[in-house]
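Read through the structure below, which is laid out as C-alpha cells, and then see the notes.
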Amino acid sequence: MLFNSASFAVFFPIVYLIYWGLSKKNFRYQNILLLVSSYYFYANWDWRFLFLLIFSTGLDFFTGAKIHCAHSKNARLTWLWISIVINLGFLGVFKYFNFFIASFNDLLGLFGLASSELVLQVILPVGISFYTFHGLSYVVDIYNRKIEPEPDIINYSVFVSYFPLLVAGPIERATHLLPQIKRQRTFSYDKSVDGLRQVLWGLFKKMVIADNCAGYVNEIFENYTHYNGATLFLGAVLFAFQIYGDFSGYSDIALGVSRLLGIELLRNFSFPYFSRDIAEFWRRWHISLSSWFKDYLYIPLGGSKGGKWMSVRNTFIIFIVSGFWHGANWTFVFWGFLNALYFMPLLLSGSNRKNIEIVAVNSFFSGFKDLLKIVKTFFLTVIAWVFFRASDLPAAFDIIGRIFSKSLFLLPDFPSKFNKEYLIIHFSLIFYLIIQEWKQKDNRYGLEKLSNNIWKRWIIYLALSLMIFLFAGKEQAFIYFQF
Numbered sequence: 231m232l233f234n235s236a237s238f239a240v241f242f243p244i245v246y247l248i249y250w251g252l253s254k255k256n257f258r259y260q261n262i263l264l265l266v267s268s269y270y271f272y273a274n275w276d277w278r279f280l281f282l283l284i285f286s287t288g289l290d291f292f293t294g295a296k297i298h299c300a301h302s303k304n305a306r307l308t309w310l311w312i313s314i315v316i317n318l319g320f321l322g323v324f325k326y327f328n329f330f331i332a333s334f335n336d337l338l339g340l341f342g343l344a345s346s347e348l349v350l351q352v353i354l355p356v357g358i359s360f361y362t363f364h365g366l367s368y369v370v371d372i373y374n375r376k377i378e379p380e381p382d383i384i385n386y387s388v389f390v391s392y393f394p395l396l397v398a399g400p401i402e403r404a405t406h407l408l409p410q411i412k413r414q415r416t417f418s419y420d421k422s423v424d425g426l427r428q429v430l431w432g433l434f435k436k437m438v439i440a441d442n443c444a445g446y447v448n449e450i451f452e453n454y455t456h457y458n459g460a461t462l463f464l465g466a467v468l469f470a471f472q473i474y475g476d477f478s479g480y481s482d483i484a485l486g487v488s489r490l491l492g493i494e495l496l497r498n499f500s501f502p503y504f505s506r507d508i509a510e511f512w513r514r515w516h517i518s519l520s521s522w523f524k525d526y527l528y529i530p531l532g533g534s535k536g537g538k539w540m541s542v543r544n545t546f547i548i549f550i551v552s553g554f555w556h557g558a559n560w561t562f563v564f565w566g567f568l569n570a571l572y573f574m575p576l577l578l579s580g581s582n583r584k585n586i587e588i589v590a591v592n593s594f595f596s597g598f599k600d601l602l603k604i605v606k607t608f609f610l611t612v613i614a615w616v617f618f619r620a621s622d623l624p625a626a627f628d629i630i631g632r633i634f635s636k637s638l639f640l641l642p643d644f645p646s647k648f649n650k651e652y653l654i655i656h657f658s659l660i661f662y663l664i665i666q667e668w669k670q671k672d673n674r675y676g677l678e679k680l681s682n683n684i685w686k687r688w689i690i691y692l693a694l695s696l697m698i699f700l701f702a703g704k705e706q707a708f709i710y711f712q713f
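Here the sequence shown is numbered in my numbering, starting from 231 and rising by one per residue.
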C-alpha cells in the first residue's frame with residue numbers, strides 16, 4: 231500500500247477517525263488499533279512476510295527480557311548474540327544470499343574453476359532492513375542498560391511495526407518512540423494542521439518531482455550508450471532530485487501522518503543539498519540511518535578514541551557497511567567507499583564538524599563562497615549517485631568515463647519521447663522546489679512556516695494540490711522500499 235495510492239486514501243481516514251474516537255478510553259485501545267492497522271498495512275504487500283515481521287518482533291521482545299534478567303555478563307552477552315545472529319541471519323538469507331553466491335561464483339570463474347548454480351528463489355520482504363534495525367537497537371540498548379525491556383507485547387509490537395515508518399523509516403529508537411506509545415495521546419488541532427502540511431509537501435516531492443524525474447532517469451541510464459556526456463550528467467542530476475524527492479518525500483509523509491496521530495517521529499532529512507561539505511551532507515541525509523551506524527557500529531568499534539588511524543578505519547567501515555545495507559550489489563559498496571574517500575580530507579584536517587548550522591541562518595542570501603561550496607558538494611554527490619543508480623560497476627564506470635569526456639560540453643540530447651513543453655514545466659517545478667526549501671531551510675520541512683494570512687496560506691495549499699493533480703508523474707514505488 232503506497233502512501234500516494236487510492237487504497238491509502240481510504241485506509242488512513244478510517245484509521246484516523248476510529249483512533250481519535252478511542253482517545254477518551256484507555257490509550258491501550260489506540261495501540262491495539264495501531265497494531266492491527268500496521269499488520270494490515272504490511273500484509274497488503276505480501277501477507278506471507280507478516281509472519282516474518284511477527285517472528286522478528288517476538289524474538290527481540292523475548293531476548294530483550296532475557297538480557298535484562300540474566301545474572302551474569304556472559305549470559306547477557308549470549309542472549310544479545312542470539313538476537314543479533316538470528317536477525318542478521320534472516321536479513322542475510324533474504325537480502326544477501328544470492329549476492330554472495332554470485333560473487334563467489336565470479337571469483338571461482340577467475341581461476342577457471344566450475345561454479346555452483348545454487349540460488350534462492352525468494353523476494354525481498356519490504357522494510358526488512360528497517361524493522362530489523364529497530365529490533366537490534368532495542369536489544370543493544372537493553373544490553374548497555376540504557377533502557378529496560380518493555381513488559382507489554384502490544385506496546386513493543388507497535389514500536390516495531392508502526393505503519394507510518396514500517397517499510398522505509400525513519401529508523402526509530404525505543405528511547406524516543408516507546409514513551410510516546412505508552413502514554414495517552416490527545417488531539418491537537420495545530421499539530422494536525424502541521425501534519426497535513428508536511429504530508430502535502432511530501433506528496434508534491436514524491437508525485438511531482440520524483441515520479442517525473444524517474445521517466446528521464448530510467449530512459450537515460452537504461453540506454454546510456456546512446457547519449458553524450460552532457461545528457462548522462464543531466465540524468466545523474468535528475469536522479470539526485472528523484473531520490474531526494476522520493477525518499478525525503480516519503481519521510482515527510484510518514485512524519486506528517488504520524489503527527490496526525492499525535493506521535494512525533496525522528497527527523498530524517500534536513501535540506502541535505504544545501505550542504506557545504508560531505509560531512510554536513512551526511513548529517514542531513516537519512517539522518518536516522520547515519521546516527522544508527524554512529525551509535526551502534528562506529529562508537530562500539532572505538533570511534534575516534536584511538537587516534538587518526540582508528541578514525542579512518544572506522545569511517546571506511548561504516549560507509550562501506552552503509553552502502554551494503556542499501557542493497558546486494560557491488561555498486562552500493564563502491565558508493566559507500568567513494569563517500570568515505572570524499573570524507574577523508576575533512577577527517578584528516580579536523581574540519582569534518584565545521585559546518586554544523588544550516589547555511590545562511592535566518593537569511594535568504596548566502597555568501598558567494600558558501601554557494602560555491604554547496605555547488606561543489608552537490609557535484610560530488612551527483613557523481614556518487616551514478617554508482618547508486620547504475621545496474622553494475624562496469625556500467626557505472628562507463629557512464630563516469632562518458633561524463634568526463636569532451637561530449638560533456640555538448641548540448642544535452644533529450645530523449646525524443648519527452649516533449650519540450652513538458653521538460654520546461656518539469657524543470658520549472660524543480661526550480662520551485664529548490665527556492666521553496668531554501669526559504670524554509672531554517673525550519674523542519676518546506677511548508678512549515680507560511681504567511682499568517684489565511685488567504686495566502688490557502689492559495690499555496692490549492693496551488694500545490696493543483697500541481698499534484700496536473701503534473702503528477704507515472705506512479706512509481708518508493709525507491710527505498712527495495713532496501
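Note that the Cβ used here is the ideal one computed from N, Cα and C, for glycine as well.
Quantities reported herein were computed from a predicted structural model and do not represent experimental measurements.
Y419 is classed as exposed because its beta carbon has fewer than 16 other beta carbons within 10 Å across all chains shown. In this structure, the CA atom of S518 is about 40 Å from the CA atom of K636.
Residue state for M231 is assigned as coil, using DSSP reduced to three classes. In the three-state scheme derived from DSSP, where H, G and I count as helix and E and B as strand, L407 is classed as helix.
Annotation: the continuous alpha helix (DSSP H) that includes F567 extends over 560-579. At the C-beta level, W668 and F417 stay beyond 8 Å of one another. Note on geometry: alpha-carbon atoms of F701 and V438 lie some 6 Å from one another. For the options L396, I244, L263, Y474, the alpha carbon positioned closest to that of R514 is the one of Y474. The beta carbon of F573 lies closer than 8 Å to those of I508, A509, W512, T545, F549, N582 in the same chain, with the five residues before and after it left out.
Between Y326 and the set F618, F562, N673, the nearest pair of CA atoms involves F562.
Between the alpha carbons of F271 and F393 lies a distance of about 7 Å. For L490, the enclosing alpha helix (DSSP H) starts and ends at 459-490. Taking N261 as the centre and dropping the five residues before and after it, the same chain places the C-beta of I384, N385, V388, I411 closer than 7 Å to its C-beta, in chain order.
Straight-line spacing of the CA atoms in V315 and G322 works out to 10 Å.
Secondary structure of F281 (DSSP, three-state): helix. Secondary structure of N304 (DSSP, three-state): helix. Close CB contacts of D290 within its chain, under the 7 Å cut and outside five residues either way in sequence, are with S313, G365, Y368, V369 (chain order).
Rounded to the nearest angstrom, the gap between the Cα atoms of S253 and R413 is 11 Å. For T455, the number of other beta carbons within 10 angstroms of its own is below 16, and it is reported as exposed.
Only residues of its own chain outside the window of five on either side were considered, and among them K679 have a CB closer than 7 Å to the CB of N673, listed in chain order.
L408 and S520 have their alpha carbons spaced roughly 21 Å apart. Assignment of L519 by DSSP, reduced to helix, strand and coil, places it in the helix class. Each residue's CA atom was taken as its position, placing F618 and D482 some 22 Å apart.
Of L640, F233, Y373, F360, the smallest CA-CA separation from H301 is found for Y373.
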